[in-house]
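Just so we're on the same page, this note's numbering is the position in the sequence shown counted from 1, plus 1303.
Where is the CB? At the ideal position from N, CA and C, for every residue including glycine.
Below you'll find the structure, written out as structure tokens, and then a few comments.
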Amino acid sequence: MKIALMMENSQAGKNAIVLNELEQVARSQEYSVFNVGMSDENDHHLTYIHLGIMASILINSKAVDFIVTGCGTGQGAMMSLNIHPSIVCGYCLDPSDAFLFNQINNGNALSLAFAKGYGWGAELNVRYIFEKAFTTGDRGQGYPLERAEPQQRNAAILNDVKSAVVKENYLDTLKAIDPELVKTAVSGVRFQQCFFEHCQDAEIEAFVREILA
């Protein structure tokens, strides 16, 4: 699995801590981690709005499989990601949230609160969240198990509804966004390294190169 971590300006100072915990957990599963957002307060400036654009490009191009993101409360980042096609982002404050999201909703992104409730021992909570997100076996198995069938059915229906209300062609969605927002979202050096090395969609790659030209 390829996991992208993306953080915005207000919580960029915590990136090193979050990245370290994520890498430790990912390493145990032989997963790859790409730190594509802000690495500190002086890095390429991003807001939670840019994070949604970045996540949608990485997921829809199949450059990565899963997104870990967040902001002060985690709400803005979650909302930003969920407006985009093919993104199903959960809200995660503790490890049980991560486990239940995996088993019931089976999405491809998690948004964490990196300011609200982020106190003493917060790095432990972050690590345990990542452990429940990435080391508990098969996803989408339901919880409790006897509720698996309706939960799986409803998760699929929700994906179908989202597909119906967005543009059929992902590039049409991307092109409808303010080009300056998109350009800022894709201008980070580490984002570009991850995207261009792992992108599996030639049309999305061509569009990003055009935006950056």
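Bridge partners - residue i, DSSP secondary structure assignment
| i | result |
| --- | --- |
| K1305 | S1335 |
| V1371 | L1308, L1413 |
| Y1394 | S1414 |
CB-CB length for residue i against residue j, believed under 8 Å
| i | j | result |
| --- | --- | --- |
| D1346 | A1315 | 6 Å |
| I1320 | F1369 | About 20 Å separates the two Cβ atoms, so there is no contact after all. |
| C1395 | S1383 | Actually they are not in contact, since the Cβ atoms of C1395 and S1383 sit about 15 Å apart, beyond 8 Å. |
| Q1454 | G1445 | 5 Å |
| A1329 | T1376 | Rounded, the Cβ-Cβ distance is 25 Å, inconsistent with contact. |
Neighbour-count burial assignment, residue i, 16 or more Cβ in a 10 Å radius
| i | result |
| --- | --- |
| L1427 | exposed |
| K1435 | buried |
| F1437 | buried |
| I1517 | Since the first and last residues shown for the chain are 1304 and 1516, residue 1517 lies out of range. |
| E1449 | exposed |
| M1381 | buried |
| V1468 | exposed |
| A1509 | exposed |
8 Å CB neighbourhood of residue i in its chain, flanking five on each side removed
| i | result |
| --- | --- |
| N1312 | M1341, E1344, H1348, L1349, T1350 |
| K1470 | P1388, T1476, A1479 |
| E1506 | L1474 |
| E1294 | Residue coverage of the chain in this structure runs from 1304 to 1516, which leaves residue 1294 outside it and unanswerable. |
| R1430 | E1324, Q1327, V1328 |
Contact set for residue i: own chain, Cβ-Cβ below 7 Å, skip 5 residues either direction
| i | result |
| --- | --- |
| L1403 | Y1446 |
Neighbourhood of residue i by C-beta, 6 Å cutoff - its chain only, sequence neighbours within 5 removed
| i | result |
| --- | --- |
| H1501 | A1366 |
(request) Note down, one range per segment and in chain order, each beta strand (DSSP E) of at least 3 residues found wholly within the region 1411-1484. (result) Fully contained in the region 1411-1484 are the following beta strand (DSSP E) runs of length 3 or more, in chain order: 1412-1416.
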